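Some notes on the structure that comes next.
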Amino acid sequence: MFMEFERINVKLIQPETLLRNNEFRYSTTSSAHLTVKNHNEYSIDNIEISILNSNIRWEQGVYVLPKIEKESQMSFCLDKIRILKSLTEEETLIVKIRFNFLGKDHEQKYEFPIKIKSTQENIFNFDDLL
339 MFMEFERINV KLIQPETLLR NNEFRYSTTS SAHLTVKNHN EYSIDNIEIS ILNSNIRWEQ
399 GVYVLPKIEK ESQMSFCLDK IRILKSLTEE ETLIVKIRFN FLGKDHEQKY EFPIKIKSTQ
459 ENIFNFDDLL
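Per our numbering, the very first residue in the sequence shown carries number 339; after that it's consecutive.
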């Protein structure tokens with residue numbers, strides 16, 4: 339009895355990443371809610387998520403997920419992020435995801451449009467004058 343092994347080529351489908359909230363305020367701590375979807379027939383492992391924006395401070399620095407199983411998704415929060423005013427106003431959140439797929443390391447950048455509001459919001463209601 340002999341066993342025959344056959345090589346198969348597996349093509350990586352990049353993880354789909356979604357930002358669930360896109361409104362933030364300057365200089366206040368916020369959370370970014372993300373979902374990462376794995377559309378591959380194999381798991382992605384050792385996932386590291388980081389924020390690349392120079393005007394965003396984040397205590398944790400890197401969020402680590404041990405694994406996202408095949409054809410599944412994982413939702414999580416990047417807590418205690420703080421957006422600072424800068425000379426180059428960025429209306430985009432840039433996230434880098436590093437992961438391992440079938441023994442090979444991969445990296446992907448994602449850009450999400452965001453709205454950044456001032457720390458305080460001035461609301462004036464003309465009905466209050468009547």
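C-beta atoms are modelled at their ideal positions from N, C-alpha and C, and glycine is treated no differently.
Values in this document were obtained by computation on a predicted structure and should not be read as measured data.
| query | result |
| --- | --- |
| The beta strand (DSSP E) with L416 in it runs from where to where? | 410–421 |
| Can you list, in chain order, the residues of its chain with a C-beta nearer than 8 Å to that of I452? Leave out the 5 residues immediately preceding and following it. | L357, N360, E361, F362, E429, T430, L431 |
| What would DSSP say about P451, mapped onto helix, strand or coil? | strand |
| State the DSSP-derived secondary structure class of S369, mapped to helix, strand or coil. | strand |
| On the DSSP bridge list, what partners appear for K434? | S388, K447 |
| Considering only residues of the same chain and omitting the five flanking positions on each side of L372, which have a CB-CB separation below 8 Å? | T355, L356, L357, R358, I387, S413, F414, C415, L416, V433 |
| With 7 Å set as the bound, which would you pick, yes or no: does the beta-carbon of E445 sit closer than that to a beta-carbon of chain D? | In the displayed structure, chain D is absent; only one protein chain is listed. |
| Roughly how many angstroms separate the alpha carbons of F450 and V374, rounded to a whole number? | 13 Å |
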